[in-house]
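The sequence shown begins at 113 in the numbering used here and counts up by one.
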Amino acid sequence: MTLFSGRGWLTGCLVLASIWSMNLSAQQSYGDFKYPLSSFGAPLAIQPPALSGSFGELRSNHFHSGLDFRTNQATGYPVYATADGYVSRLRVQNSGFGLALYIDHPNGFTSVYAHLSRFNPVLAKAVKDKQYKNKSYELDEFPQSGEFPVKKGDIIAYSGNTGSSGGPHLHFEIRDTKTEHTINPQRLGIQIPDQIPPVIQSLYVYRLNEKPFNEVTPKQYFQVVGGNGKFQLNKVNTIHLSGEVGFGIVVNDRHNGLSGNNGVYSIELKVDGNVVYHSQVERFSFDHSRAINSHVDFPALIQQKRSIQKSFVDPGNPLKIYPQLLHQGRLRFDDQQTHEVQYLISDAAGNQSSLRFFVKSDPKAVIPTPALPPGITFPFSQQNEFSNEEVKVILPKGTLYEELNFIYKKLAKPAVGAFSGMHQIHHSLIPLHKGFELWIKADSSLSKYQDKSLIVNSSRISQGGYYDQGYVKATPRSFGNFYIAIDTIPPQITPLNISEGKNMKDVSKINFRISDQLSGIKSFNGYLNGQWILMEFDAKTATLWHQFDERTPPGKNVFELVVTDMKDNVRKYQATFYR
Numbered sequence: 113m114t115l116f117s118g119r120g121w122l123t124g125c126l127v128l129a130s131i132w133s134m135n136l137s138a139q140q141s142y143g144d145f146k147y148p149l150s151s152f153g154a155p156l157a158i159q160p161p162a163l164s165g166s167f168g169e170l171r172s173n174h175f176h177s178g179l180d181f182r183t184n185q186a187t188g189y190p191v192y193a194t195a196d197g198y199v200s201r202l203r204v205q206n207s208g209f210g211l212a213l214y215i216d217h218p219n220g221f222t223s224v225y226a227h228l229s230r231f232n233p234v235l236a237k238a239v240k241d242k243q244y245k246n247k248s249y250e251l252d253e254f255p256q257s258g259e260f261p262v263k264k265g266d267i268i269a270y271s272g273n274t275g276s277s278g279g280p281h282l283h284f285e286i287r288d289t290k291t292e293h294t295i296n297p298q299r300l301g302i303q304i305p306d307q308i309p310p311v312i313q314s315l316y317v318y319r320l321n322e323k324p325f326n327e328v329t330p331k332q333y334f335q336v337v338g339g340n341g342k343f344q345l346n347k348v349n350t351i352h353l354s355g356e357v358g359f360g361i362v363v364n365d366r367h368n369g370l371s372g373n374n375g376v377y378s379i380e381l382k383v384d385g386n387v388v389y390h391s392q393v394e395r396f397s398f399d400h401s402r403a404i405n406s407h408v409d410f411p412a413l414i415q416q417k418r419s420i421q422k423s424f425v426d427p428g429n430p431l432k433i434y435p436q437l438l439h440q441g442r443l444r445f446d447d448q449q450t451h452e453v454q455y456l457i458s459d460a461a462g463n464q465s466s467l468r469f470f471v472k473s474d475p476k477a478v479i480p481t482p483a484l485p486p487g488i489t490f491p492f493s494q495q496n497e498f499s500n501e502e503v504k505v506i507l508p509k510g511t512l513y514e515e516l517n518f519i520y521k522k523l524a525k526p527a528v529g530a531f532s533g534m535h536q537i538h539h540s541l542i543p544l545h546k547g548f549e550l551w552i553k554a555d556s557s558l559s560k561y562q563d564k565s566l567i568v569n570s571s572r573i574s575q576g577g578y579y580d581q582g583y584v585k586a587t588p589r590s591f592g593n594f595y596i597a598i599d600t601i602p603p604q605i606t607p608l609n610i611s612e613g614k615n616m617k618d619v620s621k622i623n624f625r626i627s628d629q630l631s632g633i634k635s636f637n638g639y640l641n642g643q644w645i646l647m648e649f650d651a652k653t654a655t656l657w658h659q660f661d662e663r664t665p666p667g668k669n670v671f672e673l674v675v676t677d678m679k680d681n682v683r684k685y686q687a688t689f690y691r
């Protein structure tokens with residue numbers, strides 16, 4: 113017996129005969145992780161299951177950490193516990209996962225369900241009670257194992273579009289409970305119909321020339337043609353190369369039925385039959401996920417919006433998704449011989465595509481690396497610092513993926529709204545694994561605005577920050593051009609369906625839109641007749657609302673909304689309404 117009402121698991125009805133199945137008991141993956149045949153079922157009853165996003169798919173600044181199940185462009189589908197266990201975490205966020213819950217299972221795994229529209233009634237009441245107790249919409253609670261036990265097939269929530277979701281869907285993960293590493297759910301029995309091999313779109317050859325990879329590394333593009341798992345270079349059979357090179361590839365995958373362009377599971381590169389590079393997105397640590405910017409050709413991503421997966425690994429890349437590497441994937445062709453090169457690309461269902469071509473070692477086929485402008489060498493393996501009278505930059509160890517030729521310039525001061533010069537801190541084509549410390553010396557004119565100061569980039573996007581002994585200090589996560597600005601303007605509150613004296617008897621909720629012009633929203637609090645009430649928020653639409661419930665008395669009510677930004681500028685709205 114559990115605390116949840118709902119249907120039992122409909123065995124047989126939810127699994128199509130055509131769905132690919134695998135012998136998980138025999139599956140062995142990188143680092144000798146072995147996944148036994150498990151009892152995880154589907155989190156939705158929608159058949160056949162279809163994905164809008166696959167595990168390990170390339171996303172902005174991160175690998176996708178789960179499966180995105182399509183929900184027919186609608187919300188409100190029942191979400192089911194995929195196995196027995198207990199609710200171990202309940203989370204409500206303005207952005208991110210939105211409404212999410214986690215279930216710990218006795219087999220050592222945790223399932224995660226995100227972007228939900230609402231929890232089941234038992235959980236919804238518990239969450240709302242906690243929100244009122246904490247006087248906060250955002251919530252991160254860790255129930256004890258006996259509070260909310262679940263059985264496989266219990267309705268735990270309903271699908272939605274909350275948080276940073278780009279449309280209605282269910283984001284689903286399976287994690288290692290102990291390490292919190294996220295694991296490809298298709299390795300644990302979650303089945304997606306798929307007989308379609310990946311598509312190889314293009315090949316790139318990088319002339320590494322014994323130098324760090326960066327924005328000036330020469331590269332050559334080769335179009336790829338073919339289909340049904342067999343691909344070749346267009347009008348090219350043999351590539352002439354000399355010295356140290358690396359390869360890169362553009363690939364995507366689809367599954368049966370309604371499918372987006374999803375990511376692939378495995379990329380293997382062989383030279384003369386020997387594996388020189390192998391990436392396998394089976395599991396990863398969230399601490400390493402931002403290293404996707406090292407895994408791909410980051411300058412090409414920024415400049416051309418092209419996601420090229422490099423088949424060589426930067427020395428500061430912390431990802432553990434490379435089970436086989438020869439010389440970090442950096443290859444030398446200097447023997448004047450011809451070599452067979454082959455890519456084998458696989459999806460999580462085992463469908464495979466190949467690309468085969470030849471490389472001729474040719475001492476005449478040299479493409480030199482252009483010289484970089486004068487700079488300061490920052491090794492990737494240590495903390496690096498730069499300072500002068502107006503600025504200080506500290507890059508902690510682990511920030512860089514490669515040796516950096518660091519460039520600094522002082523630029524012209526912006527004409528309006530600047531309380532310092534503009535400082536060029538290298539440039540945006542070099543990725544960073546974590547934020548760096550940036551101190552900018554403030555002009556004397558900042559003195560009366562010290563508590564309102566922050567650092568912005570050249571697009572006037574806030575990097576946060578605070579004043580300390582003549583400097584404004586912040587922690588940007590990307591290089592760029594920065595200066596000091598101030599935020600003295602309170603947030604904006606726009607009432608959508610309430611006004612002074614309005615009769616709201618037939619209205620179910622109060623709606624607002626809120627925004628802030630620079631530092632961002634820090635908090636919002638609603639009060640009804642002097643008592644705190646729950647305001648819910650959707651960051652995508654900047655919509656804020658209060659759902660009337662048993663706490664709303666009939667008759668005259670005084671409502672107040674207080675919105676504060678990151679620099680403690682406050683805007684208030686007050687109105688009397690009747691019910």
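Yeah, the Cβ is synthetic: ideal placement off N, Cα and C, and Gly gets one too.
Residue environment analysis places Pro297 among the buried positions, since at least 16 neighbouring C-beta atoms fall within 10 angstroms of its C-beta. CA-CA distance, Pro491 to Leu523, rounds to 26 Å. In this structure, Gln562 lies near Tyr579, with their beta-carbon atoms less than 7 Å apart. Residue pairing by DSSP places Ile457 opposite Ile379 and Ser465 in a beta bridge.
Contact between Phe152 and Ile286 holds: their C-beta atoms lie close to 7 Å from each other, under 8 Å. Annotation: Leu630 to Ile596 spans about 12 Å, alpha carbon to alpha carbon.
Comparing alpha carbon positions, the residue from Val199, Gly168 and Glu356 closest to Lys264 is Val199. Per the coordinates, the alpha-carbon of Gly272 lies some 8 Å from the alpha-carbon of Tyr189.
Proximity to Glu356 across Ile379, Ile488, Tyr318 and Thr653 peaks at Tyr318, based on C-alpha coordinates.
Our two residues, Phe636 and Arg683, have alpha carbons roughly 10 Å apart in a direct line. A direct Cα-to-Cα measurement between Pro435 and Ile295 gives close to 16 Å. For Gly210, same chain residues with a beta-carbon under 6 Å away, outside a window of 5 residues either side, are His227, Thr274 and Gly275 in chain order. Rounded to the nearest angstrom, the gap between the Cα atoms of Ser177 and Phe167 is 6 Å. Between Leu170 and Ser419, the C-beta spacing is below 7 Å.
Beta bridge pairing from DSSP links Gly577 with no other residue. In summary, Asn173 is exposed, with fewer than 16 beta-carbon neighbours lying within 10 Å of its beta-carbon over all protein chains present. If you draw a straight line from the Cα of Ser423 to the Cα of Leu550, it is about 33 Å long. In the DSSP assignment, Ile414 falls outside any beta strand (DSSP E) and lies within the alpha helix (DSSP H) extending over Phe410 to Gln416. DSSP places Gln421 within a strand segment (E or B) once states are collapsed to three. Counting along the chain, Ala236 sits inside the alpha helix (DSSP H) bounded by residues Pro233 to Asn246. When DSSP states are grouped into helix, strand and coil, Gly258 belongs to the coil group. In this structure, Val376 sits near Asp459, with a CB-CB distance shorter than 7 Å. By the neighbour-count definition (other C-beta atoms within 10 Å, threshold 16), Val262 is a buried residue. The alpha-carbon of Ile414 is positioned some 10 Å away from that of Ile542. Short of 8 Å from the beta carbon of Thr450, and not among the five residues preceding or following it, lie these beta carbons of its own chain, in chain order: Thr350, Phe470, Val471, Lys472 and Ser473. Here Leu608 is exposed. Its C-beta has fewer than 16 other C-beta atoms within 10 Å.
Buried is the label assigned to Asp409, since at least 16 other Cβ atoms lie within 10 Å of its Cβ. The segment 651-664 makes contact with the segment 617-634; the number of CB pairs closer than 8 Å reaches 3 or more. Taking the C-beta atoms as reference points, Asn615 is found no nearer than 7 Å to Phe594. Gly372 and Val239 have their C-alpha atoms some 34 Å from each other. A direct Cα-to-Cα measurement between Phe518 and His535 gives close to 13 Å.
With 16 or more neighbouring CB atoms inside 10 Å of its own CB, Tyr455 falls in the buried class.
When DSSP states are grouped into helix, strand and coil, Asn609 belongs to the coil group. Ser571 sits in coil when the DSSP states are folded into three classes, being neither helix nor strand. Counting along the chain, the unbroken alpha helix (DSSP H) around Ser406 starts and ends at Ile404 to His407. Using a Cβ distance threshold of 7 Å, Leu566 and Ser556 do not count as a contacting pair.
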